[in-house]
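J.: In my numbering, the protein residues as written are 306 to 504.
Take this structure, written in structure tokens, and hold onto it; I'll ask about it next.
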């Protein structure tokens, strides 16, 4: 048991260290943070979706944006498309489960908004359909994926690909990415609020 715990911690630490030294990955996280910040400052919203653990990550990130991450500041707009059971079950029943997110993007998404799809496999049909709808609706798209990236026939404006075959490792990094993005965006919002209030 002890060795297994140490092995898991070591694997996670090694992956985090690898990403910290990946200049392109860090630059892409920074680019997504800038995207979210401009979206929120311009009155837009961040829509997030995923399945299973990724659904929990979507809800977690949305909560940090709407409520707060570390600082007290005005709320920002984010919606996890995984939370309304009446909407989800109606769409799944009437159109099929593969449409549960795309239908919501169609209804709620506006140009200037951002859609974030979390899929560790890069192959989740309902998330991929949501990317297609978001593009059609004029949203900017962000994918959080595992080592395989997105399925070949689909794309996103920004892809944060975690280079590890283990779903658990990928989800751990997705959680960290969410915190990184929320922290950077929140710091900028708080700084802007302070600048506005200064003479």
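For every residue, glycine included, the Cβ atom is placed at its ideal position computed from N, Cα and C.
Since the structure is predicted, the reported quantities are computational estimates derived from the model, not experimental observations.
Quick one: complete alpha helix (DSSP H) runs, 4+ long, within the region 382-449?
T.: You should have 390-399, 407-413 and 430-442.
J.: Which one of 470, 363, 457 and 417 has the shortest CA to CA distance from residue 388?
T.: Checking every option, the nearest Cα to that of residue 388 belongs to 363.
J.: For residue 276, which residues in the same chain have their Cβ closer than 7 Å to its Cβ, ignoring the five residues on either side in sequence?
T.: Because the chain in this structure spans residues 306 to 504, residue 276 falls outside the shown range and cannot be described.
J.: Name the residue from 437, 333, 402 and 368 whose alpha carbon lies nearest to the alpha carbon of residue 356.
T.: The candidate whose alpha carbon is nearest that of residue 356 is 402.
J.: May I have a chain-ordered list of the alpha helix (DSSP H) segments no shorter than 4 residues that lie completely inside the region 346-375?
T.: Listed in chain order, the complete alpha helix (DSSP H) runs (minimum 4 residues) inside the region 346-375 are 358-371.
J.: Return the first residue and the last residue of the alpha helix (DSSP H) that residue 377 is part of.
T.: Note, residue 377: premise wrong, no alpha helix (DSSP H); not H, not E.
J.: Indicate whether the contact test is met: 3 or more Cβ pairs, each with one atom in the region 410-429 and one in the region 440-452, closer than 8 Å.
T.: As far as the Cβ criterion goes, the region 410-429 touches the region 440-452, which means the pair count is three or higher.
J.: Just tell me which of 346, 391 and 423 has its CA closest to the CA of residue 354.
T.: Looking at the Cα atoms, 423 is the closest of the given residues.
J.: Smallest Cα separation from residue 337: which of 485, 497, 498 and 470?
T.: Ranking 485, 497, 498 and 470 by Cα distance to residue 337 puts 485 first.
J.: Using DSSP with H/G/I as helix, E/B as strand and the rest coil, what is residue 464?
T.: In the structure shown, residue 464 sits in a strand (DSSP, three-state: E or B).
J.: Leaving aside the five residues before and after residue 504 along the sequence, list all residues of the same chain whose C-beta is less than 8 Å from its C-beta, in chain order.
T.: Because residue 504 sits at a pLDDT of 41, beneath the cut-off of 50, its placement in the model cannot be relied upon, and the following sentence gives the value as read from the coordinates. There are no such residues.
J.: What is the DSSP secondary structure of residue 458, reduced to helix, strand or coil?
T.: Three-state DSSP puts residue 458 in coil, outside helix and strand.
J.: Is it buried or exposed for residue 502, if we count other Cβ within 10 angstroms and need 16 for buried?
T.: Because the pLDDT of residue 502 is 49, which lies under 50, any placement of that residue in the model is unreliable, and the number read from its coordinates should be weighed accordingly. Exposed, since its Cβ has fewer than 16 Cβ neighbours within 10 Å.
J.: May I ask you to report which of helix, strand or coil DSSP gives residue 471?
T.: Residue state, collapsed to three classes: coil.
J.: Which class does residue 451 belong to by DSSP, given the choice of helix, strand or coil?
T.: Of the three classes helix, strand and coil, the one that applies to residue 451 here is coil, per DSSP.
J.: Can you grab the Cα-Cα spacing for the pair residue 345 / residue 464, in whole Å?
T.: If I take the Cα positions, the gap works out to 20 Å.
J.: If I measure Cβ to Cβ from residue 358 and keep anything under 7 Å in the same chain, skipping five residues before and after, which residues do I get?
T.: Counting only Cβ-Cβ distances below 7 Å, and skipping sequence neighbours, we find 476.
J.: I'd like the list of long-range same chain contacts for residue 467, defined as Cβ closer than 6 Å, with 5 residues on each side in sequence excluded.
T.: 451, 475 and 478.
J.: Using C-beta distances below 8 Å, list every residue in its chain close to residue 372, excluding the 5 sequence neighbours before and after it, in chain order.
T.: Excluding sequence neighbours, residue 372 sits near 380.
J.: Can we say the region 430-440 touches the region 389-408, given the rule of at least three CB pairs closer than 8 Å?
T.: As far as the Cβ criterion goes, the region 430-440 touches the region 389-408, which means the pair count is three or higher.
J.: Return the CA-CA distance between residue 393 and residue 455, expressed in angstroms with no decimal places.
T.: Taking the straight line from one Cα to the other gives about 23 Å.
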